[in-house]
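First comes the structure, then the notes that go with it.
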Amino acid sequence: MNGRLLPNTTPLFRDAAGRDLHPWPFGVYAVEEDTSGLPPLTIAAVTTRATWDQSESRRFVRDLADSCEASSIMAPLTWYRILGAGAVGFIAWQGEMWAIPLSVIAPSLIAAQPNRATAMATAFACYAAASLPVLAVSKAYWPSSGVQAVFIWLAAAAILSSPWFLCWASRPALRPWTTGVAMALTAVPPLCIMGWASPLMAAGVLFPNTAWAGVAGILALPGLLLREHTRMNALFTVATASLVLNAQVVPIGTPDGWEGETTCIHRQPKADYLANFIVEERIQQTARSSRGRFLVFPEGTVARWTDATDAFWAETLSLSGKTLLIGASHPIPGSSRYNNSVVIIGEHARPSVHQRIPVPGGMWNPLSPHGFALNLLGAGTVDVGGERAAILICYEQLLTWPMLRSAMERPTMLIAISNEAWTSTTGVPRVQKACVRAWARLFGLTVISAINS
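Using the numbering used here, read the sequence shown as starting at -6 and increasing by one per residue.
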């Protein structure tokens, strides 16, 4: 056939005699009949039209309008999710235990975003709002550097947001699974070093005394909230289960003979050996006068535990029948680093328990040979006085990994020691207390707290 292809035209599939023609298998084109004076062709000429008919034009305009309308709706919805995640992060982590379950909403908001960049922005808004106390803590630790405090705050939020950027899925069917993976990544090494504001802590509020089943439930919940056909059933089931489980919670009494001591020790930045000696003498007087047999003292009660310190305390404890668990800095032999530890001396002396995760930047600095050591896989419990005690030292109370690591060893008690002397003007102590209560409720543990304020 003699003719030429015309772009953007559609064949009528009917020849000049009115007979139907089949469309070409390799695409839709039209052929214009040649009028250059050549002899008539022996095959049927295909009549064409150069433009779409009116019905096709109307359909195209309608589809385009629907697309524009959808885009105009999605744009504010994306921003609402970002702002909502920020509000959730701010409210959930103000130190009120009842508010922690709100954090479960944030993973659903992140996963529902239309692309990876907006998912990252939503996660960043949540963690930045939850991490606002970092500004005050950094300012207290480095008073002369406001810029450094802002940098640490933004960097922490960005690092915690990275799993959500990596795990976002374009396919809705995958999002419930990738959401659970992202939540888990923030709770295990290496991100667990700064894995605060974890929705997993909501398990202790919603599902008390359920241990690992409660953790699994929180991992699954955001994915169920993402799907329309499971959303209402999930909300109803969670609400019902939470009401039933919370109604069955019974306060757990403190074991006989155990006491957590509150101190008010304020040391100068420079070492003052006489002042330290006076502090330790006062602590010894408290130990001698107490009726408890197992006394827990806060983080940093003894500035530096050495062989001489051990001998100094041995005389106090001789024939007393008491056991002391004392927060102290413990030098590491052959190293310039320390362990932030709980030293256990007296009637039931045990090896020291070391903090797994010291405060990044302030206490633990991977670029410096000094400071405190990181012990991610260190022991999480100790057997003393007929109890298996899980020990969380200060910063660890805000995290997920130290408690979950301790829970693997089936503890019967939770010991939480901290030094609030330099964070008392921030909201961190309130958040610590809420987190400790949530963990204790989840695993059905009694709590012994020792705080230096």
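Just so you know, even glycine gets a beta-carbon here, dropped at the ideal spot from N, CA and C. Everything numeric in this text was worked out from a predicted model, so none of it was measured.
- The beta-carbon distance between Ile337 and Val375, rounded to whole angstroms, is 7 angstroms. This is short enough to meet the 8 angstroms contact definition.
- Beta-bridge partners assigned by DSSP to Ile408: Ile384 and Ile441.
- Under the Cβ criterion (8 angstroms, minimum of three pairs), the stretch 67 to 80 does not count as touching the stretch 183 to 198.
- Note that the stretch 304 to 312 does not touch the stretch 355 to 371; fewer than 3 beta-carbon pairs, one per stretch, sit closer than 8 angstroms.
- Under the rule that a run must span 4 or more residues, the alpha helix (DSSP H) segments found entirely inside the stretch 71 to 124 read 98 to 104 and 109 to 123.
- The alpha-carbon of Ala99 is positioned some 7 angstroms away from that of Val81.
- Per DSSP, His323 is one residue of the beta strand (DSSP E) stretching across Thr316 to Pro324.
- For Val231, there is no enclosing beta strand (DSSP E); the residue is found in the alpha helix (DSSP H) stretching over Glu221 to Ala240.
- When beta bridges are read from the DSSP output, Asp376 appears opposite Arg381.
- The beta carbon of Cys119 is closer than 7 angstroms to those of Ala78, Gly79, Val81, Gly82 and Ala99 in its chain, skipping five residues each way along the sequence.
- As computed with DSSP, Glu252 is found in a beta bridge with Leu288.
- Under the three-state reduction of DSSP, Ser334 is assigned to strand.
- Listed in chain order, the non-local C-beta contacts of Trp415 below 6 angstroms within the same chain comprise Ala133, local neighbours out to five positions each way being set aside.
- The C-alpha of Phe436 lies about 16 angstroms from the C-alpha of Lys426.
- Nearest to Ala114 by C-alpha distance, out of Leu147, Ile84 and Trp91, is Leu147.
- Counting the other Cβ atoms within 10 Å of the Cβ of Glu221 gives fewer than 16, which makes it exposed.
- Judged by beta-carbon spacing, Ala433 lies within the 8 angstroms limit of Val440, meaning their Cβ atoms are closer than that value.
- The closest CA to that of Leu214, considering only Arg398, Cys428, Pro169 and Val242, is found on Pro169.
- Annotated three-state conformation of Arg434 is helix, per DSSP.
- Going by C-alpha positions, Glu273 is about 14 angstroms away from Val289.
- Close CB contacts of His259 within its chain, under the 6 angstroms cut and outside five residues either way in sequence, are with Ala414 (chain order).
- For Ser345, the enclosing beta strand (DSSP E) begins and ends at Arg343 to His347.
- 8 angstroms or more divides the Cβ of Thr393 from the Cβ of Leu438.
- By the Cβ neighbour-count rule, Glu380 is buried, with 16 or more other Cβ atoms within 10 Å of its own.
- If you draw a straight line from the Cα of Ser155 to the Cα of Ala206, it is about 27 angstroms long.
- In the structure shown, the three-state DSSP call for Val295 is strand.
- According to DSSP, Pro395 shares a beta bridge with no other residue.
- A distance below 8 angstroms between beta-carbons, with the five flanking residues on each side excluded, links Gly173 to the following residues of its chain, in chain order: Leu212, Ala213, Pro215 and Gly216.
- Residue nearest to Val335 within the set Ile384, Ala232, Val231 and Gly354 is Ile384 (criterion: CA-CA distance).
- Contact check for His341 and Tyr331: beta-carbon distance about 25 angstroms, past the 8 angstroms limit, so the pair fails to qualify.
- Rounded to whole angstroms, the Cβ separation of Leu128 and Val140 is 11 angstroms, and the two are not in contact under 8 angstroms.
- Going by DSSP, Glu273 is part of the alpha helix (DSSP H) stretching over Tyr266 to Ser282.
- In the structure shown, the three-state DSSP call for Phe365 is strand.
- Trp86 places its beta carbon 8 angstroms or farther from that of Ala110.
- Going by beta carbons, Glu292 and Ser411 fall inside the 8 angstroms limit.
- Taking a C-beta distance under 8 angstroms as the contact criterion, Gly327 and Phe287 do not qualify as a contact pair.
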